[in-house]
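Colleague: Structure below; questions to follow.
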Amino acid sequence: MRVLALLALLVACAAGVPAPLSDKPQLDGRIVGGSTTTIQNYPYQVSLQYGGSHICGGSIISANYVLTAAHCVIGSASQHRVRVGSTNSNSGGTIYQVAQTIVHGSYSSRTMDYDVALLRTSTAISGSSSVATIGLESGVVSVGTSAVVTGWGTTSEGGSASTTLRQVIVPIVSDASCNSAYASYGGITARMICAGYTSGGRDACQGDSGGPLVANGRLVGVVSWESVAPDLTFLECTPRFQPFEVGSKVTLESKY
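Mapping of the sequence shown onto mature numbering (1 follows the signal peptide of the UniProt record, and there is no 0): residues -16 to -1, 1 to 240, in sequence order.
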């Protein structure tokens, strides 16, 4: 029983977030070969804002909690806000102040293991057709399963970040293939999962750090780190962690 913490596309770098000091390869976070979409299709998606600007993605998992990547959390909670219910990262929707940031206790900025964090909002997030929670996957997702990554990353190398929400479909990759592709970097940990295309696949998407990886309507990971490996056109790796019970704030907090 494992919940996958999505690949942390370091769109953070492009958006002004300091890159973590990691042994893992990192790219500039972009959605390539994907397409624009609307928040109504992904109402759980949020834009994490720092100093009034978009820095990372995140997912609404309960009325007061957003799940994101640990490396997206900078400074005090008061400096963070989340924009919900908007297709655009820089306008629309509703802004909620973050009251508390809870970084996973085992997070390592060097290995990117356990790269997940919870953001508790100061007031409950109101639901609507463009704002909704998403459940967490508590089981194993089969290799080859189609998953969707969404975010506001740049759409070309060296380009500026998209202000319009984008999406891309990627298949889950086996641990063996991922470990082989990343052998020179020490492979992945037991808590990481990969998704992407093998050689000959269409252009891949690299979504926002902290953003969601969703399969079968459930959140299976949080964008953490990614790169183009020698034998894969695109590969995303994310930390796995023990499943939450979304309905219980106490349980959520006790996992960190």
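Using N, Cα and C, we set each Cβ at its ideal position, and we do this for glycine too. This structure is a prediction, so every number in the text was calculated from the model and none was measured.
1. Rounded to a whole number of angstroms, what is the C-alpha to C-alpha distance between M96 and G111?
2. Return the first residue and the last residue of the beta strand (DSSP E) that C56 is part of.
3. Put D215 into one of helix, strand or coil per three-state DSSP.
4. Taking all protein chains shown into account, decide if G128 is buried (16 or more other Cβ within 10 angstroms of its Cβ) or exposed.
5. Should R94 be labelled buried (16 or more other beta-carbon atoms within 10 Å of its own) or exposed?
6. Taking the alpha-carbon of V30 as reference, which of G89, G180, T148, G170 has the nearest alpha-carbon?
7. Pull up the distance between the alpha-carbon of V124 and that of T52, whole angstroms please.
8. Are there three or more Cβ pairs, one per stretch, closer than 8 Å when the segment 80 to 88 is compared with the segment 102 to 111?
9. Run through DSSP, which three-state label would N200 get?
10. I need the straight-line Cα distance from A26 to V100, nearest angstrom please.
11. If A116 and A199 are in contact, beta carbons under 8 Å, what's the gap, nearest whole angstrom?
12. Under the DSSP definition of a beta bridge, which residues are partnered with P155?
13. So the candidates are S60, I44, S168, T173; which of them puts its Cα closest to the Cα of S158?
14. CB-CB under 6 Å to G171, same chain, minus the five flanking residues each way: which ones, in chain order?
15. Quick one: give me the first and last residue of the beta strand (DSSP E) that Y80 is part of.
16. So what's I44 in DSSP terms, helix, strand or just coil?
17. When the distance is taken between beta carbons, is L120 closer than 8 Å to R202?
18. Give the secondary structure of Y166 by DSSP, where H, G and I count as helix, E and B as strand, and everything else as coil.
19. Roughly how many angstroms lie between the CA atoms of G59 and C40, to the nearest whole one?
20. Relative to the C-alpha of L197, which candidate in G135, S90, V50, S46 has its C-alpha closest?
21. Specify the secondary structure class of S112 as computed by DSSP and reduced to three states.
22. Would you tell me roughly how many angstroms separate the C-alpha atoms of I177 and V66, rounded to the nearest one?
Modeller: Answer, in terms of the structure:
1. 32 Å
2. C56 -> no beta strand (DSSP E), and no H or E assigned at all.
3. With a pLDDT of 44 at D215, under the threshold of 50, the predicted position of this residue should be treated as unreliable, though the coordinate-derived value follows. Correct three-state label for D215: coil.
4. exposed
5. exposed
6. T148
7. Approximately 20 Å, taken between the alpha carbons.
8. yes
9. coil
10. Checking the sequence shown, residue 26 turns out to be Tyr, not Ala. If you take the alpha carbons of Y26 and V100, they lie about 20 Å apart.
11. In fact, because the Cβ distance is near 17 Å, the residues do not count as touching under 8 Å.
12. Answer is S130.
13. T173
14. N163
15. 78 to 87
16. strand
17. yes
18. coil
19. 14 Å
20. Ranked by Cα distance from L197, the options G135, S90, V50, S46 are led by G135.
21. strand
22. 26 Å
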